[in-house]
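Engineer:
Number of protein chains: 2
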Amino acid sequence: MTAPRPDSELGTDTAAVRPAERTRDADRTRAEILAVATAEFADRGYAGARVNEIADKLSTTKRMIYYYFGGKEQLYVAVLEQAYGRIRALEQQVDVEHLEPVAALRELAGLTFDHHEAHPEFIRLVSIENIHRAEHLAGSPALAGLAAPAVDVLGAILQRGRDDGLFRDDVDALDVHQVISAFCVFRTANRHTFRAIFDRDMLDPATRAHQRKLLGDLVVAHLTTR
Amino acid sequence: MTAPRPDSELGTDTAAVRPAERTRDADRTRAEILAVATAEFADRGYAGARVNEIADKLSTTKRMIYYYFGGKEQLYVAVLEQAYGRIRALEQQVDVEHLEPVAALRELAGLTFDHHEAHPEFIRLVSIENIHRAEHLAGSPALAGLAAPAVDVLGAILQRGRDDGLFRDDVDALDVHQVISAFCVFRTANRHTFRAIFDRDMLDPATRAHQRKLLGDLVVAHLTTR
DNA sequence: TCTCGTATGTACCAAGCGGTGAGTTACCGA
DNA sequence: TCGGTAACTCACCGCTTGGTACATACGAGA
Chain A
1 MTAPRPDSEL GTDTAAVRPA ERTRDADRTR AEILAVATAE FADRGYAGAR VNEIADKLST
61 TKRMIYYYFG GKEQLYVAVL EQAYGRIRAL EQQVDVEHLE PVAALRELAG LTFDHHEAHP
121 EFIRLVSIEN IHRAEHLAGS PALAGLAAPA VDVLGAILQR GRDDGLFRDD VDALDVHQVI
181 SAFCVFRTAN RHTFRAIFDR DMLDPATRAH QRKLLGDLVV AHLTTR
Chain B
1001 MTAPRPDSEL GTDTAAVRPA ERTRDADRTR AEILAVATAE FADRGYAGAR VNEIADKLST
1061 TKRMIYYYFG GKEQLYVAVL EQAYGRIRAL EQQVDVEHLE PVAALRELAG LTFDHHEAHP
1121 EFIRLVSIEN IHRAEHLAGS PALAGLAAPA VDVLGAILQR GRDDGLFRDD VDALDVHQVI
1181 SAFCVFRTAN RHTFRAIFDR DMLDPATRAH QRKLLGDLVV AHLTTR
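Chains as they are written, first to last, in the working numbering: chain A, 1 to 226; chain B, 1001 to 1226.
#1: Check whether the segment 153 to 164 of chain A touches the segment 212 to 222 of chain A, taking contact to mean three or more Cβ pairs, one atom from each stretch, closer than 8 Å.
#2: Determine the direct distance from the alpha carbon of residue 1079 of chain B to that of residue 132 of chain A, and round the result to whole angstroms.
#3: Among A/72, A/85, A/112, which one has its Cα closest to the Cα of residue 176 of chain A?
#4: Check this for me: beta carbons of residue 1123 of chain B and residue 1225 of chain B, under 8 Å apart or not?
#5: Please state whether DSSP places residue 1022 of chain B in a helix, a strand or coil.
#6: Does residue 1130 of chain B have its Cβ less than 8 Å from a Cβ in chain A?
#7: Jot down the residue ranges of each uninterrupted alpha helix (DSSP H) in the segment 1148 to 1175 of chain B, minimum 4 residues, whole runs only, in chain order.
#8: Counting C-beta neighbours from all protein chains within 10 Å, is the total for residue 1101 of chain B 16 or more, i.e. buried, or is it exposed?
#9: Should residue 1161 of chain B go down as buried or exposed, given a rule of 16 or more other Cβ atoms within 10 Å for buried?
#10: Step through the CB atoms of chain A and report whether any lies within less than 8 Å of the CB of residue 1197 of chain B.
#11: Near residue 76 of chain A, what residues of its chain come up, given a Cβ to Cβ distance below 7 Å and the 5 sequence neighbours on each side ignored?
#12: For residue 1134 of chain B, return the contacting residues in chain A, with the cut-off set at a CB-CB distance below 8 Å.
#13: Output the distance between the C-alpha atoms of residue 31 of chain A and residue 85 of chain A, rounded to the nearest integer angstrom.
#14: Ignoring anything shorter than 4 residues, give me the alpha helix (DSSP H) runs that lie fully in the segment 1049 to 1083 of chain B, in order along the chain.
#15: Under the rule that 16 or more other beta-carbon atoms within 10 Å means buried, what is residue 24 of chain A, buried or exposed?
#16: To the nearest angstrom, how far is it from the Cα of residue 1069 of chain B to the Cα of residue 1037 of chain B?
#17: Quick check: what's the CA-CA separation for residue 82 of chain A versus residue 1159 of chain B?
#18: By Cβ distance below 6 Å, which residues in the same chain neighbour residue 1184 of chain B in space, the five residues on each side in sequence not counted?
#19: For residue 190 of chain A, count neighbouring Cβ atoms within 10 angstroms of its own Cβ and tell me buried if that reaches 16, exposed if not.
#20: Which same chain residues, not among the five before or five after residue 1120 of chain B, have their C-beta less than 7 Å away from its C-beta?
#21: Within its chain, find whatever has a CB closer than 7 Å to the CB of residue 148 of chain A; leave out the 5 residues flanking it on each side and keep chain order.
#22: With a CB to CB cut of under 6 Å and the five nearest residues on each side skipped, what residues in its chain are close to residue 157 of chain A?
#23: Run through DSSP, which three-state label would residue 94 of chain A get?
#24: Using a Cβ-Cβ cut-off of 7 Å (strictly less than) and excluding sequence neighbours within five positions of residue 34 of chain A, which residues of its own chain qualify?
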């Protein structure tokens, strides 16, 4: 995850008993910059993040950011691309095809729920990118039309459910995905204002099971009601 | 550009008791700064907004921003307070008590839907404030624990529905509000990334009626399913 | 009219910002 | 062994940023 090599030099930090074993490794440096930048952008937004601040948290220097990425904006795009890539890779591991339509639907919703809860940093990046009207995302050929695999899975489940006469047919897969996403994203993205106003922490572990069931009930009830 | 009408029930200090024809320039200047700052912060976020930029769009000068508000951060807090104040004032006008529980629920969801769609700027401010972990909102005594009136209305509807044996009883008002908010906020807050990835504009007027019905069906089906 | 405090405009600043010029070192293939 | 180049360091730059010192126009009450 983070840089494996703190490297002594100006030792403001602790430990680092390791002798100076500074090797040149482009991949490692690139990865370290991306990791630190991801944390920094997710934490403070694009405009709020500081290149100097990112550099200070690096074992290398600011110059390397420009050497590898060109500039702040390109670095941010690279962060976005990596984050989306990782999330999509995780989504592709979903396998609920062997379940009954209703059970599969509930399971998919639950997995999406878990998934979003496990990656708050990603949700923050998405929120930030929306503030900027997704201009960076739209400008990146790697990300523009990369739909989530989850929607295809959802489409298959819905089709089976309709074939069995269990599900209504005036709601498409993207509608359902939108509802699931909305619920899951909202919990993380709006956590702080919601808590400040309603005094409820939507991510409180104590109510997690209730919230997870709530989402499942919601989509199942909706699709099975005519 | 300049707001011709002071009309500020949200004024933090002013009496606002029918000023005689010629309002003091102070009120108008304050209001103008707030209006421009609201647009600018909503557009670019807190860190992305520039005091100089706001000043340039004013009929007065930057000096006045510091004279009336003290600094960028205090200006931002004032913007938040005004925005929340206005939204709550609108929410209090909701009246669905005369309807049957199911119809009332659907109507409230629909009104919230309309309401959020009509104030994208507010949604953006909320998103921005969440990026900053609601620290400004929590720090404002005027806003910290003031719940939306909509939740009380919802609570009354749910109670009536339960009394009539129509609604399930393991879902509370805040759960339902959370679901409704999630759906409505998501449409606006995540509009751009959702569109970039799934090629669906959730605010497309052509699908508005479908989306509105979707939300109504969702909450009604959920509450009426045992 | 003359005050005097409120409201406003002008000019300016130091710090911080993203970004770069130019030289230096470690690695690798020949 | 050795040269070429990728990887890296250091010092520096020009502009933008939020913020302010200071002068002053205005108008209501004496």
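For each residue, glycine too, the CB sits at the ideal point set by N, CA and C.
Structural biologist: Quick answer:
#1: no
#2: 20 Å
#3: A/112
#4: no
#5: Because the pLDDT at residue 1022 of chain B is just 27, under 50, the model does not fix this residue reliably, and the point stays unresolved.
#6: yes
#7: 1149 to 1163
#8: buried
#9: buried
#10: yes
#11: 41, 46, 136
#12: 192, 193, 195, 196
#13: 14 Å
#14: 1051 to 1056, 1062 to 1069
#15: exposed
#16: 11 Å
#17: 48 Å
#18: 1112, 1113, 1116
#19: buried
#20: 1188
#21: 88, 91
#22: 101, 104, 105
#23: coil
#24: 78, 79, 82
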